[in-house]
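S.K.: The structure is given below, and queries will be raised subsequently.
Residue numbers (the numbering used here), protein chains in the order written: chain U, 250 to 423; chain P, 54 to 471.
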């Protein structure tokens, strides 16, 4: 199911752990990346085979972690932190503004498939709040005006599916 | 005026410092590793023990002691795993190290691996930290190229590999046994102890799990010696630590300070005081899991033991400051929602208790509070305390109890009949 390049990464990954089952999380990350940001039953089954664990185990693991998704995501995944430090600095207002502006509730995707909005827990950049992650990039000290300008730009963007890379290949010792 | 004491950040604060291998070596990097390779593993463990460095992840457990617990001659491989799952709300120091001076951390990690006989290091980085992972991977690649890592670490007979393991968005994986389960490819749920990881950790092998900052401190302990490290702090709280300052202060950020400087000075000197000239209302001194302090309680030394004396904790050295306009009931509700979301669901008091607490607080936010509900909230929290496998439940209960104790009026204002 993986592309040749993806398969190479998976093989390398599996070789980095004492047992294949250990590599399940990074394998799921890679699978999700190959499948435009979400996992399907077929991918879960494939991951189970690769890591030599039962499918039920993979389902249990994948649903435990919030970063694994089971529905298609928008092209731009906006993750707004509203935990303590960000909320003190206006994170909740940014989320409210985005809900209004994009006309979706947090946890949903706009009809045109351009944006997914998500309220997330602490992103570990508390001194630079409010923080929003767009796909994988941190945007810090955001104001509503800056957020609006970013949305304007991204709404017009015609780029193909933006690359979401996880640098989890591990350096090769060979 | 309070000044930073630069040990871990000595390179980071240098203008133009790039954080790559060449610039790290130009600042004398990897001299500690060179020194360490001439010592026996036991000597390194005893120096770390002597330095009395305490874990910077939150619990403050002496690192040398943790290392000395490692089971020996088991016939199984030993592991030193790094916890870079920085998730405690308010904490953002490990990210700073990984982004700005990854080699100082890697050097400490190599020394640690050598001391514990670990031949494959895993760095468990939280999944959201993609920029930090990229930076760290670049540094690891440089080390492989330079022969610092690989089949013979820097010309020694010691083979060492390193792999970054990405988490996937679960706060509880910062707890060391949950982290190990997650690293093994399972749901991150804390284990019953004993057996402790030092006996049966990663895949059942002897394992030590340490925080990024703790491991980075090992570099300077080996470089400058245990005595020099001890002199930087107060007795029983040795060294410097990275303090994450956030919330309503003029200059938030990560500051490197000696243990035991005044908490008030951190906020008013380094932090530049409260934003917009407002008055201080409260300080959460060690990440959102720690009991809150009132403005009159902050004139204390900032170290593990002094915070214990005022019935709070230093935790991961994350100070969150809020001003007079903050609605503490809403703030507490937001915090409790976090713990409710992150509870792994294994222990009933935590799974149910965090949910109940969040529901009761939601009633307050909608002005449906009452004295009976406040009592119930206290009772629920009391029933979580000490009744769970890990500290997540306690981390929810402690702030609730301290907020109710310190801001009773604010809760009363949300009673339905107020």
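Yeah, the Cβ is synthetic: ideal placement off N, Cα and C, and Gly gets one too. Just so we're clear, the structure is a prediction, and the values are computed from it rather than from any experiment.
Can you tell which of 276(P), 122(P), 442(P) and 177(P) has its C-alpha closest to the C-alpha of residue 100(P)?
M.R.: Along the second chain, one-based indexing puts residue 100(P) at 47. Residue 100(P) has its Cα closest to that of 276(P), out of 276(P), 122(P), 442(P) and 177(P).
S.K.: Figure out for me which residue from 411(P), 429(P), 168(P) and 252(P) has the closest Cα to the Cα of residue 128(P).
M.R.: Numbered from its first residue, the second chain carries residue 128(P) at position 75. Selected option, being the one with the closest Cα: 252(P).
S.K.: Buried or exposed for residue 246(P), please, with buried defined as at least 16 other CB atoms from any protein chain shown within 10 angstroms of its CB.
M.R.: Taking the second chain and counting its residues from 1, the one referred to as residue 246(P) is at position 193. Per the 10 Å Cβ criterion, exposed.
S.K.: Alpha carbon to alpha carbon, how far is residue 152(P) from residue 309(P)? Give it in angstroms, no decimals.
M.R.: Translated into positions along the second chain, residue 309(P) becomes position 256. Translated into positions along the second chain, residue 152(P) becomes position 99. If you take the alpha carbons of residue 309(P) and residue 152(P), they lie about 16 Å apart.
S.K.: For a contact meaning CB atoms closer than 8 Å, what does residue 304(U) contact in chain P?
M.R.: As a working note, residue 304(U) is residue 55 in the first chain. Those do not exist, as residue 304(U) stays about 14 Å from chain P at its closest Cβ, beyond 8 Å.
S.K.: Use the C-beta contact count for residue 56(P): other C-beta atoms within 10 angstroms, 16 or more gives buried, fewer gives exposed.
M.R.: Within the second chain, residue 56(P) is the residue found at index 3, counting from 1. Classification of residue 56(P): exposed, given that the 10 Å Cβ count is below 16.
S.K.: With 8 Å as the limit, tell me which residues of the region 395–408 of chain U have their beta carbon closer than that to any beta carbon of chain P; keep them in chain order.
M.R.: If the cut-off is 8 Å between Cβ atoms, the region 395–408 of chain U has nothing near chain P.
S.K.: Check whether the Cβ of residue 254(U) lies closer than 8 Å to any Cβ atom in chain P.
M.R.: In the first chain, residue 254(U) corresponds to position 5, counting from 1. Answer no: the Cβ-Cβ gap between residue 254(U) and chain P never drops below 8 Å.
S.K.: Starting from residue 371(P), trace the beta strand (DSSP E) in both directions and tell me its first and last residue.
M.R.: Residue mapping note: residue 371(P) aligns to position 318 of the second chain, counting from 1. Its beta strand (DSSP E) spans residues 371–376.
S.K.: Only counting the same chain, and skipping five residues up and downstream in sequence, which positions put a Cβ closer than 7 Å to that of residue 65(P)?
M.R.: Position 12 of the second chain, counted from the first residue, corresponds to residue 65(P). Excluding sequence neighbours, residue 65(P) sits near 153 and 154.
S.K.: Confirm the yes/no value for this check: CB of residue 130(P), any heavy atom of the ligand GDP, distance under 7 Å.
M.R.: Absence of the ligand GDP from the depicted structure is noted, as is the absence of any ligand whatsoever, leaving it without description.
S.K.: Pick helix, strand or coil for residue 217(P), following the three-state DSSP scheme.
M.R.: As a first step, residue 217(P) is located in the second chain; it is residue number 164 there, counting from the start. Correct three-state label for residue 217(P): strand.
S.K.: Going along chain P, which residues have a C-beta under 8 Å from residue 387(U)?
M.R.: On the first chain, position 138 is the one that residue 387(U) refers to. What residue 387(U) touches in chain P: 184.
S.K.: Let's test the definition: count the other Cβ atoms within 10 Å of the Cβ of residue 54(P) and tell me whether it reaches 16, buried, or not, exposed.
M.R.: Here residue 54(P) corresponds to residue number 1 of the second chain, with the count starting at 1. Exposed is the call here.
S.K.: With a cut-off of 8 Å, do at least 3 Cβ pairs link the region 88–98 of chain P to the region 66–77 of chain P?
M.R.: As far as the Cβ criterion goes, the region 88–98 of chain P does not touch the region 66–77 of chain P, which means the pair count is below three.
S.K.: Does the distance from the C-beta atom of residue 274(U) to that of residue 221(P) stay below 8 Å?
M.R.: As a working mapping, residue 274(U) is identified with position 25 in the first chain. As a working mapping, residue 221(P) is identified with position 168 in the second chain. Against a cut-off of 8 Å, the Cβ pair of residue 221(P) and residue 274(U) comes out as a contact.
S.K.: Might you give, ordered along the chain, the residues of its own chain that have their beta carbon closer than 8 Å to the beta carbon of residue 318(U), omitting 5 neighbours on each side?
M.R.: Taking the first residue of the first chain as 1, we reach residue 318(U) at position 69. Around residue 318(U): 281, 286, 287 and 288.
S.K.: Among the candidates 329(U), 308(U), 347(U) and 335(U), whose CA atom is the shortest distance from the CA of residue 384(U)?
M.R.: Counted from its first residue, the first chain places residue 384(U) at position 135. Taking only the C-alpha atoms, the option nearest residue 384(U) is 329(U).
S.K.: Rounding to the nearest angstrom, what Cα-Cα distance links residue 374(U) and residue 148(P) in this structure?
M.R.: Residue 374(U) sits at position 125 when you count from the first residue of the first chain. Residue 148(P) sits at position 95 when you count from the first residue of the second chain. Each residue's Cα considered, the two are about 8 Å apart.
S.K.: Using a beta-carbon distance cut-off of less than 9 Å, what residues from the region 250–261 of chain P approach chain U?
M.R.: Listed by position along the chain: 255, 256 and 258.
S.K.: Mind listing, in chain order, the continuous beta strand (DSSP E) runs of no fewer than 3 residues lying wholly within the region 171–254 of chain P?
M.R.: Within the region 171–254 of chain P, the complete beta strand (DSSP E) runs of at least 3 residues are 173–178 and 214–219.
S.K.: I want to see whether chain P comes within less than 8 Å of residue 265(U), judged by CB atoms only; does it?
M.R.: Within the first chain, residue 265(U) is the residue found at index 16, counting from 1. True, the Cβ-Cβ gap to chain P drops below 8 Å.
S.K.: From what residue to what residue does the alpha helix (DSSP H) around residue 291(U) run?
M.R.: Position 42 of the first chain, counted from the start, is the residue given in the question as residue 291(U). Run containing residue 291(U): 290–300, per the alpha helix (DSSP H) assignment.
S.K.: Quickly, what does DSSP pair residue 115(P) with across the bridge? List them, please.
M.R.: Taking the second chain and counting its residues from 1, one reaches residue 115(P) at position 62. 107(P), per the DSSP bridge assignment.
S.K.: Could you give the distance in angstroms between the alpha-carbon of residue 419(U) and the alpha-carbon of residue 173(P)?
M.R.: The residue you call residue 419(U) lines up with position 170 of the first chain. The residue you call residue 173(P) lines up with position 120 of the second chain. With a pLDDT of 43 at residue 419(U), under the threshold of 50, the modelled position of this residue cannot be trusted, and the question is left open.
S.K.: Can you pull the chain P residues whose beta carbon is under 8 Å from the beta carbon of residue 362(U), in chain order?
M.R.: On the first chain, residue 362(U) is found 113 positions in, with the first residue counted as 1. Ordered by position in chain P, no residue passes the 8 Å Cβ test against residue 362(U), which lies about 22 Å from the chain.
S.K.: In chain P, which residues lie with their C-beta within 7 Å of the C-beta of residue 317(U)?
M.R.: The residue labelled residue 317(U) in the question sits at position 68 within the first chain. Here the neighbours are 221.
S.K.: Kindly indicate if chain U contains any beta-carbon less than 8 Å away from that of residue 239(P).
M.R.: Against the second chain, residue 239(P) aligns to sequence position 186. Cβ-Cβ to chain U under 8 Å: yes for residue 239(P).
S.K.: Tell me whether residue 364(U) sits in a helix, a strand or coil according to DSSP, three-state version.
M.R.: Here residue 364(U) refers to the residue found at position 115 when the first chain is read from its first residue. Reduced to three states, the DSSP call for residue 364(U) is strand.
S.K.: Mind checking which residues open and close the beta strand (DSSP E) that includes residue 472(P)?
M.R.: Residue numbering for chain P in the displayed model covers 54 to 471; residue 472(P) lies beyond these limits and cannot be assessed.
S.K.: Name the chain U residues that come within less than 8 Å of residue 142(P), Cβ to Cβ?
M.R.: Position 89 of the second chain, counting from 1, holds the residue named residue 142(P). Result: 332, 333, 334, 370, 371 and 375.
S.K.: Drop a sphere of 10 angstroms on the beta-carbon of residue 204(P), count the other beta-carbons inside from all chains shown, and report buried for 16 or more, exposed for fewer.
M.R.: Along the second chain, one-based indexing puts residue 204(P) at 151. Under this definition residue 204(P) is an exposed residue.
S.K.: On the DSSP bridge list, what partners appear for residue 290(P)?
M.R.: As a working mapping, residue 290(P) is identified with position 237 in the second chain. Answer is 287(P), bridged to residue 290(P).
S.K.: I want to verify the contact list: residues of chain P whose CB lies under 9 Å from the CB of residue 314(U), in sequence order.
M.R.: By 1-based counting over the first chain, the position of residue 314(U) is 65. Here the neighbours are 180, 220, 221, 222, 223, 226, 235, 240 and 241.
S.K.: Under 8 Å between C-beta atoms, does residue 382(U) make it to chain P?
M.R.: Here residue 382(U) refers to the residue found at position 133 of the first chain. Interface residue, yes.
S.K.: Indicate whether at least one CB of chain P lies closer than 8 Å to the CB of residue 275(U).
M.R.: For the purposes of this step, residue 275(U) is identified with residue 26 of the first chain, where counting begins at 1. Yes, because at least one Cβ of chain P sits closer than 8 Å to the Cβ of residue 275(U).
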